[in-house]
Amino acid sequence: MKRRDFFKLTIGASLLSSLPMRAWAQGMMGHHGSMSGDMSGHGMMARQGLMPLQKMPTGQALQALPVLKNSSQKKGLFQAKITAAAHQRVLADGKMTELWLYNGQAPGPLIELYEGDHVEIEFENQLDQATTIHWHGLPVPSDQDGNPQDAVLPGQSRYYRFTLPEGCAGTYWYHPHPHGKSSEQVAHGLGGTIIVRSPKDPLKEYTEQHWAISDLRLDINGHIPANTGPDWMNGREGQFVLLNGQRQPLIQTSTAERIRVWNSCSARYLRLHIPGAQLIQVGTDGGLLEQPLPAANSILLAPAERVEFFIQAEKDLNSTLQALYYDRQKMMVKEKPETLTLAGLTIRHQEIDLPKQLRTIPAIPAAASTAKVVFSEVMPMNHDMSMQSGHGPAMESSSGMNHQGMGGMNQETMMPGMAAMRSMFRINNQVYDMERIDLRCRTGEWQYWDVINDSHMDHPFHLHGTQFQVLERQTGSRSVAETFRAWRDTVNLRPNETVRLAFRQDLPGLRMFHCHILEHEDLGMMAQLMVE
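Heads up, the final residue of the sequence shown is numbered 531 in numbering that gives the first Met the number 0, and it's a clean run with no missing numbers.
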């Protein structure tokens, strides 16, 4: 049963106001969830067991991202080591918090690379659970891309080796990708940034600012709590929104600085806005656009998306970096629209003359094959379930999956609330099974995919191993061609929207595609493409 059909039936029968549904919603909220979405009420957070906002310091000068040192002296070779481990930090109210970090840094260290570099990174897993490193957006071999099948067990190490091709300059990031545990590991702090540079970059003379945005949930004791039912349903959003690991830092910048932004949140959408200024976008996930876009009041970043822009201001300006409210159609949640302040800004006005042409992005040729990828949601047939225990009843599932379809997990190892949501989020009416190949294509052949959001919630689509171009978007009978060419690896889909995209996979092997709300990915909104 699809979600819209479920609500037609249940609302007509007043089921949503019945005692079992009310008990279910209360069970989903647990001690840490919020059905209101209002993160500004400190008293509300205290009642829910969350750390009040004012307990984390603000107003500190922005710290630059730490940089991963290249241990090689050889030109064109990048060698380094990354260790994932638990670390204790005091973040709020003098309470100790256990974070899981890359090289003990939050965010993880920035990796600066160049097109043509050969990369060798030794990875050591000192966590108590298996993990991987996924090089999000980079065109690396399948067996080097941190797929769920290639998990690094606790106490073990491996090398990731790949060579970056010409033309891949852009803004990327890295994060864990073990199936069923990605959201937990990112919520504890695992994630870092990557910049791939080109010697032909037409903007290389401009200084840069790097803003990695994440969010963090802390309970009143400073601990990172487990996901609640609403987290699994809608994606987890922490009450603290951080920029380079800091809450509301103070940033000195200018209109002549090139700004790169990463949305490394599990589920939070960021509609970036600077009062008194506008934003001139020059790049997306996969690097520069053909031309700078017209100045805009805001730029929307779905989870996992990245952007490059310049600030346009007519004079020196004291302002703030804000995330305007964006309605992504959460389930069973009545949100209070609010604007979040991410940072304080002091902007110095400087005249600049951006190039009218940044690069050439060729038009896509005719496709060798096409496919449809459908995101959908299936509501539980039995809604009287215990979301806190994680031992709710089985859910309706046309795929007939058992627990092994979740990559070997069973109900005893799932996080609270996860078992009850199993099979709810699907691609082509199936939940993820790492033993199943869902689609196939050939190396070097252009593919046209229609990615369809047959649901009532936004879902960001991500494809591994390559970049794609969005060709057009369709809602109902209205189809609109994309107004600019750009390379991306992640694109947001509004409810009931179809996005036609085109891509080519140049390396053989297994590739994932999935929703990048990490809780949905963990629950099985992921599928596999075999490139032959």
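Every residue gets a Cβ at the ideal spot worked out from N, C-alpha and C, and that includes glycine.
- Of the residues Glu-256, Pro-248 and Ser-213, the one placed nearest Glu-236, counting alpha carbons only: Sequence index remark: in the sequence shown, residue 236 carries index 237 (1-based). Of the listed residues, the one whose Cα sits closest to Glu-236 is Ser-213.
- Task: Would you tell me roughly how many angstroms separate the C-alpha atoms of Phe-239 and Arg-425, rounded to the nearest one?
- Result: As a first step, residue 239 is located in the sequence shown; it is residue number 240 there, counting from the start. As a first step, residue 425 is located in the sequence shown; it is residue number 426 there, counting from the start. Approximately 30 Å, taken between the alpha carbons.
- C-beta contact flag for Gln-320 and Leu-341 at 8 Å: Indexing the sequence shown from 1 puts residue 320 at position 321. Indexing the sequence shown from 1 puts residue 341 at position 342. Here residue 320 is Leu; the residue named in the question, Gln, does not match the sequence. Yes; because the gap between Cβ atoms is below 8 Å, this pair is in contact.
- Item | Residue range of the unbroken beta strand (DSSP E) whose run includes Ser-156 | Stepping through the sequence shown from its first residue, residue 156 is reached at position 157. Per DSSP, Ser-156 belongs to the beta strand (DSSP E) from 156-162.
- Report the residue from Pro-494, Tyr-113, Leu-52 and Ala-266 whose alpha carbon sits nearest the alpha carbon of Ser-182. The count along the sequence shown starts at 1 and reaches residue 182 at position 183. Residue Ala-266 is the option with its Cα nearest to Ser-182.
- Task: Determine the direct distance from the alpha carbon of Val-332 to that of Glu-307, and round the result to whole angstroms.
- Result: For the purposes of this step, residue 307 is taken as the residue at position 308 of the sequence shown. For the purposes of this step, residue 332 is taken as the residue at position 333 of the sequence shown. For Glu-307 and Val-332, the distance between alpha carbons rounds to 32 Å.
- Short Cβ contact (8 Å threshold) for Gly-145 with Thr-131: Residue numbering aside, residue 145 sits at position 146 when the sequence shown is read from its first letter. Residue numbering aside, residue 131 sits at position 132 when the sequence shown is read from its first letter. The Cβ-Cβ distance between Gly-145 and Thr-131 falls below 8 Å.
- Message: Is the separation between the beta-carbon of Val-139 and that of Leu-109 shorter than 8 Å?
- Response: As a working note, residue 139 is residue 140 in the sequence shown. As a working note, residue 109 is residue 110 in the sequence shown. With contacts defined as CB atoms closer than 8 Å, Val-139 and Leu-109 fail to qualify as a contacting pair.
- Task: Tell me whether Ala-129 sits in a helix, a strand or coil according to DSSP, three-state version.
- Result: Residue numbering aside, residue 129 sits at position 130 when the sequence shown is read from its first letter. Residue state, collapsed to three classes: coil.
- Task: Measuring alpha carbon to alpha carbon, tell me which of Leu-438, Leu-215 and Pro-291 ends up nearest Met-511.
- Result: As a first step, residue 511 must be located in the sequence shown, where it is residue number 512. For Met-511, the nearest C-alpha among the options comes from Leu-438.
- Does DSSP classify His-176 as helix, strand or coil? For this step, residue 176 is matched to residue 177 along the sequence shown. Residue state, collapsed to three classes: coil.
- Between Ile-360 and the rest of its own chain, which residues show a CB-CB distance below 6 Å, the 5 nearest in sequence each way excluded? Your numbering for residue 360 matches position 361 in the sequence shown. Shown here for Ile-360: same chain residues with a beta carbon closer than 6 Å to its own, the five before and five after excluded, namely Glu-289 and Arg-484 in chain order.
- Message: Taking the straight line between their C-alpha atoms, what separation do you get for Tyr-324 and Glu-337?
- Response: The sequence position of residue 324 within the sequence shown is 325, counting from 1. The sequence position of residue 337 within the sequence shown is 338, counting from 1. Spanning the two alpha carbons is a distance of roughly 5 Å.
- Euclidean distance between Cα positions of Phe-309 and Ile-298: In the sequence shown, residue 309 corresponds to position 310, counting from 1. In the sequence shown, residue 298 corresponds to position 299, counting from 1. Those two C-alpha atoms are separated by around 12 Å.
- Task: Take Asn-226 as the anchor and find which of Gln-527, Met-524, Leu-528 and His-519 has the nearest alpha-carbon.
- Result: Taking the sequence shown and counting its residues from 1, one reaches residue 226 at position 227. For Asn-226, the nearest C-alpha among the options comes from His-519.
- Less than 8 Å separating the beta-carbons of Asn-538 and Ala-301? The question about residue 538 has no answer, for the chain in this structure spans 0 to 531.
- Among the residues of its own chain, which have a CB less than 7 Å from the CB of Ala-366, if the five just before and after it don't count? For the purposes of this step, residue 366 is identified with residue 367 of the sequence shown, where counting begins at 1. Excluding the 5 residues flanking it on each side, Ala-366 has same chain C-beta neighbours closer than 7 Å at Trp-445, Gln-446, Tyr-447 and Ala-501, in chain order.
- Query: On the three-state DSSP scale, how would you describe Leu-357?
  - Reply: To locate residue 357, count along the sequence shown from 1; it is residue 358. Note: Leu-357 maps to coil in three-state DSSP.
- Message: Would Gly-103 and Gly-285 be called neighbours here (beta carbons separated by less than 8 Å)?
- Response: Looking up residue 103 in the sequence shown gives position 104. Looking up residue 285 in the sequence shown gives position 286. No.
- Does the region 81-101 come close enough to the region 51-61 to have 3 or more Cβ pairs within less than 8 Å? Judged by pairs of C-beta atoms under 8 Å, the region 81-101 touches the region 51-61, as three or more such pairs exist.
- From the DSSP output, in three-state form, read off Leu-52 for me. Residue numbering aside, residue 52 sits at position 53 when the sequence shown is read from its first letter. Of the three classes helix, strand and coil, the one that applies to Leu-52 here is helix, per DSSP.
- Task: Please state whether DSSP places Gly-389 in a helix, a strand or coil.
- Result: Locating residue 389 in the sequence shown gives position 390, where the first residue counts as 1. Note that Gly-389 scores a pLDDT of 33, beneath 50, so its modelled location is shaky; the value from the coordinates is reported in the next line. Coil at Gly-389, not helix or strand.
- In terms of alpha-carbon separation, which member of Leu-462, Thr-482 and Val-185 lies closest to Leu-470? Here residue 470 corresponds to residue number 471 of the sequence shown, with the count starting at 1. For the residues Leu-462, Thr-482 and Val-185, the minimum Cα distance to Leu-470 belongs to Thr-482.
- Beta-carbon spacing of Lys-74, Glu-123 below 8 Å: Counting from 1 along the sequence shown, the entry for residue 74 is found at position 75. Counting from 1 along the sequence shown, the entry for residue 123 is found at position 124. Between Lys-74 and Glu-123, the C-beta gap is not smaller than 8 Å, which leaves the two residues out of contact.
- Message: Starting from Pro-108, trace the beta strand (DSSP E) in both directions and tell me its first and last residue.
- Response: Along the sequence shown, one-based indexing puts residue 108 at 109. Here the beta strand (DSSP E) through Pro-108 covers 107-113.
- With 16 as the cutoff for other CB atoms within 10 Å, does Pro-291 come out buried or exposed? Position 292 of the sequence shown, counted from the first residue, corresponds to residue 291. The residue is buried, with at least 16 neighbouring Cβ atoms inside 10 Å.
- Do Asn-452 and Met-330 come within 8 Å of each other at the CB atom, strictly closer than that value? The residue you call residue 330 lines up with position 331 of the sequence shown. The residue you call residue 452 lines up with position 453 of the sequence shown. By the CB criterion at 8 Å, Met-330 and Asn-452 fall outside the cutoff.
- For Tyr-159, count neighbouring Cβ atoms within 10 angstroms of its own Cβ and tell me buried if that reaches 16, exposed if not. Within the sequence shown, the letter at position 160 stands for residue 159. So Tyr-159 counts as buried.
- Query: Would the C-beta of Glu-434 count as close to the ligand PLP, meaning under 7 Å from any of its heavy atoms?
  - Reply: Judged by which ligands are present, the structure shown has none, so any question about the ligand PLP falls away.
- Message: Give me, in chain order, the residues of the same chain whose beta-carbon lies closer than 8 Å to that of Pro-507; leave out the 5 immediate sequence neighbours on both sides.
- Response: Numbered from its first residue, the sequence shown carries residue 507 at position 508. Excluding the 5 residues flanking it on each side, Pro-507 has same chain C-beta neighbours closer than 8 Å at Ser-141, Thr-442, Val-530 and Glu-531, in chain order.
- Query: So, helix, strand or coil for Met-534, using DSSP?
  - Reply: An answer regarding residue 534 cannot be provided, because it is not within the stretch 0 to 531 covered by the chain.
- Message: Is the separation between the beta-carbon of Trp-210 and that of Val-260 shorter than 8 Å?
- Response: The residue given as residue 210 occupies position 211 in the sequence shown. The residue given as residue 260 occupies position 261 in the sequence shown. Contact: yes.
- Message: Can you look up Glu-462 in the DSSP assignment and give me helix, strand or coil?
- Response: Sequence index remark: in the sequence shown, residue 462 carries index 463 (1-based). Looking at the sequence shown, residue 462 is not Glu but Leu. It is a strand residue.
- For Asp-200, I'd like the list of residues in its chain whose CB is within less than 8 Å of its CB, leaving aside the five on either flank, ordered along the chain. Within the sequence shown, numbered from 1, the residue matching residue 200 stands at position 201. Cβ within range, chain order: Ala-168 and Leu-287.
- Message: Can you give me the C-alpha to C-alpha distance between Val-498 and Asp-449, rounded to a whole angstrom?
- Response: Locating residue 498 in the sequence shown gives position 499, where the first residue counts as 1. Locating residue 449 in the sequence shown gives position 450, where the first residue counts as 1. Rounded to whole angstroms, Val-498 to Asp-449 spans 6 Å at the Cα level.
- Task: With DSSP as the reference, label Glu-165 as helix, strand or coil.
- Result: Start at 1 with the first residue of the sequence shown, and residue 165 comes out as number 166. Reduced to three states, the DSSP call for Glu-165 is coil.
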